[in-house]
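Peer 1: Residue 111, in UniProt numbering, is where the sequence shown stops; the numbers in between run on with no holes.
Here a beta-carbon is modelled for each residue, glycine too, at the ideal position from N, C-alpha and C.
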Amino acid sequence: MTWEGSNRAQRLPANWSSIRKRVLARDGHACQFVWRNERGRMEQCGKPATEVDHINPGDDHSMDNLRAACTACHAWKSSSEGGAAAARIRARERREVDGRYRRTEQHPGLL
C-alpha cells in the first residue's frame, strides 16, 4: 500500500507490527473482504492476505476493527476512501470560492 500523501503510518501505534501479525493469524492469512458475486450472492474474497485493514476509518486499532486484506481489496478500499475525501475537500473549497466571488446584483440582461 502506498502511504504517499498520508500521515497514516505516523498514527499507527508502536506495537503495530505485533497487532498486524495477530490479525493475519486470526484470519488465517485470508482476505476478509466480502463482495457480491455474479449471481448476486455475498462471497468472501479469500485471497492470500498480507495487509491489515481498518474496517471503520480512524485510529481504532482494536482487533474488532481490523481484518486481513489482500493487496487488491485493500488498495480498492483505500483508493475509494481517498477519492471521497478529495471530493469533500474540493466541494468545500468550491463553496468558499463561490461565496467570495459570487455577484449579489442581478445580471443586466435579466432585469
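Exposed or buried, what is Val34 when buried is set at 16 or more other beta-carbons lying within 10 Å of its beta-carbon?
Peer 2: exposed
Peer 1: Enumerate in chain order the residues of its own chain whose CB-to-CB distance from His61 is below 7 Å, with the five nearest sequence positions on each side excluded.
Peer 2: The answer, listed in chain order, is Pro13 and Ile19.
Peer 1: Could you pull the DSSP bridge partners for Trp35 from this structure?
Peer 2: Glu43
Peer 1: With DSSP run on the structure shown, which of helix, strand or coil describes Asp53?
Peer 2: strand
Peer 1: Checking 8 Å against the spacing of the C-beta atoms, do Ala68 and Ala30 come in under that value?
Peer 2: yes
Peer 1: If distances are taken between C-alpha atoms only, which option among Pro108, Leu66 and Gln32 comes closest to Leu22?
Peer 2: Here residue 22 is Arg; the residue named in the question, Leu, does not match the sequence. Comparing Cα-Cα distances from Arg22 to each of Pro108, Leu66 and Gln32, the minimum goes to Leu66.
Peer 1: Could you give the distance in angstroms between the alpha-carbon of Arg11 and the alpha-carbon of Ser78?
Peer 2: 16 Å
Peer 1: Measure the C-alpha to C-alpha separation of Cys70 and Arg94 and round it to an integer number of angstroms.
Peer 2: 36 Å
Peer 1: Assuming contact is defined by CB atoms lying nearer than 8 Å, are Ala49 and Asp27 in contact in what I supplied?
Peer 2: yes
Peer 1: So, with DSSP's three-state summary, where would you put Pro108?
Peer 2: Helix, per DSSP.
Peer 1: Could you check which residue in Leu110, Arg92, Met63 and Gly58 has the C-alpha nearest to that of Glu81?
Peer 2: Gly58
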